[in-house]
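Below is one structure, written out as structure tokens; the observations come after it.
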Amino acid sequence: MVSLARKNLLEDIPRFLVAQAGIMFAVSLVTIQTGIFNGFTRSTSLLIDNSNADIWVASNTLVHTALTLPIPATSVSQAQRVAGVDRAEALIARGAIWRQNGNEINPVRAIGFDPKGQLFKPRNITQGSLSDLEKPYTVMLDSSNLKSLDVNNIGDVAQVNSIPARLVGLTQGNRSISSDPFVFSSLENANAYVNSGQATRLSCKMQSGSEDIQCTNTFETQQTTSSPKPLTDSDSITFVLIRANPGQDLQILKQRLEAAIPNTRAFTQAELTRKTQRFWQQRTGIGFILGLGAAVGVIVGGIIVGQILYSSVSDHLREFGTLKAMGASDWTIYGVIVEQALWMAVLGYLPGIVLCFGLGAWTFATQGIVILITPLTAIAVFGITVAICIGSAVFAIQKVTHLDPAIVFKA
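Just so we're aligned, residue 78 is where the sequence shown starts under our numbering, counting upward by one.
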């Protein structure tokens, strides 16, 4: 029966290749859509993944890591005094404007942290070092964002809001699809960036010979000092990162932190990751759109495979009639058709999944976008591919269910 299944499958090579192309299309579409969804979901919690903190303390208004109100810088010292806290560090994560060549502007997200700290640092630093960020008005960018921010080399200078920003380092793999480009800097630099801008001055005077008042609003760029000032109690931050003492129950420590720091909520790293990812999965249309694309791939692949198998069975009715005349059971014939479907599934899946891995590597290298294909995803897609082919075989099986063996003797 194995040789008959292969013979039927390979007898018409052009038709076979069309079928395999259809399966490859279905495999690729389902895998890529699922990989983009997984990569997008992971990228939403990229900031959290860069941290070694056990607990994140944020405003009680937090919706996700990019949508929250600031908290006072005094929260760090308050957290450090809580029993069970080994270390507390501040983190600033706020929006800003990147200005290059004087005119073109881009939204960015200023990420401020302590370069000498232990609870946060950008991963995969490819050029420069954390100590470079201790210099005044210096930043690191992800290499995938250089083109969009119109930056070419280490040492280039742009502006964040109204303050110069000199590029001193590059990272890789720190691009979030859901967020503006990250601009990593020290706490002092980030605080200066997010609070800088233009001051306005309104001057009014009476017009001569008239009772009308003429007012002029003047925008003035704030002067930049030689170095940013250290954080003070009057400054604001976005998060307090907490490392707990060994053996400390994190749920109990969360309650202590929330009681000690007014108007805040505490999250374990896993809780904040889950909260952020769930927001993007459930409160945006990304999951529906990518799922719809995957469903289209399944439908198209199923239609193509079904047509090929049905046509193959129709062309070989006499062979199946011969088998029946020789005493072969219906299940034997069904086995031939199902085996054809399984061969098509395997031979269509393998090149399709290889193509997806290659495409994923290319997009990460050139765009910094992760198409995350996990082993579980690959296994699930193979199961879907087999289901498509077996489901298509059911339609072909209907053709031989009531086949009369006498067809062999008909002209």
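Just so you know, even glycine gets a beta-carbon here, dropped at the ideal spot from N, CA and C.
- For F441, the CB contacts under 7 Å within the same chain, skipping 5 residues up- and downstream, are V447 in chain order.
- G429: member of the alpha helix (DSSP H) spanning D407 to Q444, first to last residue.
- Between V260 and A187, the C-beta spacing is below 9 Å.
- Per the Cβ contact rule, the region 366-382 is in contact with the region 463-475 (3 or more Cβ pairs under 8 Å).
- A direct Cα-to-Cα measurement between F356 and Q384 gives close to 41 Å.
- With a beta-carbon spacing of about 6 Å, V134 and I319 fall inside the 8 Å limit used to define contacts.
- Residue pairing from DSSP places D219 in a beta bridge opposite T248.
- By the CB criterion at 9 Å, E265 and P323 fall outside the cutoff.
- Taken in chain order, the complete beta strand (DSSP E) segments of 3 residues or longer contained in the region 161-249 are 162-177, 181-190, 202-204, 215-219, 234-237 and 240-248.
- For N127 and Q328, the gap between their C-alpha atoms comes out near 22 Å.
- E88 and V382 have their alpha carbons spaced roughly 16 Å apart.
- When beta bridges are read from the DSSP output, P149 appears opposite S313.
- Cβ contact annotation for I125 (same chain, cutoff 8 Å, sequence separation greater than five): W133, T142, Q346, L349, T350 and T353, in chain order.
- DSSP lists I188 and M217 as the bridge partner or partners of F261.
- Residue pairing for L318: DSSP places it in a beta bridge opposite W133 and E166.
- One Cα belongs to S304, the other to G445, and the distance between them is close to 32 Å.
- T309 sits exposed, since fewer than 16 C-beta atoms from the chains shown fall within 10 Å of its C-beta.
- Cβ-Cβ separation between M101 and G425: approximately 5 Å, consistent with a contact (criterion under 8 Å).
- Rounded to the nearest whole angstrom, the CA to CA distance from T215 to E166 is 20 Å.
- Take the alpha-carbon of S152 and the one of L146: they are about 14 Å apart.
- Taking 9 Å as the cut-off, the beta carbon of L223 is found no closer than this to the beta carbon of L207.
- If you check the CB distance, K193 and E211 come in under 9 Å.
- For a cut-off of 8 Å, the C-beta gap from Y270 to V237 is around 4 Å, short enough to register as a contact.
- In the three-state DSSP reduction, R342 falls in the strand class (E or B).
- Buried is the label assigned to I109, since at least 16 other Cβ atoms lie within 10 Å of its Cβ.
- Between N251 and L123, the C-beta spacing is below 9 Å.
- Exclusion of the five residues before and after Q358 leaves T118 and G364 as the residues of its chain whose Cβ lies within less than 7 Å of its Cβ.
- Within the DSSP bridge table, the entry for L449 names no partner.
- Between S313 and A150, the beta carbon gap of about 6 Å places them in contact (Cβ cut-off 8 Å).
- If you draw a straight line from the Cα of V159 to the Cα of S239, it is about 38 Å long.
- Buried is the label assigned to K331, since at least 16 other Cβ atoms lie within 10 Å of its Cβ.
- When the Cα atoms are used, I450 and F344 turn out to be separated by approximately 28 Å.
- Counting only the Cα atoms, V415 lies some 28 Å from L369.
- In the DSSP assignment, I254 falls outside any alpha helix (DSSP H) and carries neither an H nor an E.
- Taking 9 Å as the cut-off, the Cβ atoms of Q204 and I231 count as close.
- With respect to F197, N129 sits close: the two C-beta atoms are nearer than 9 Å.
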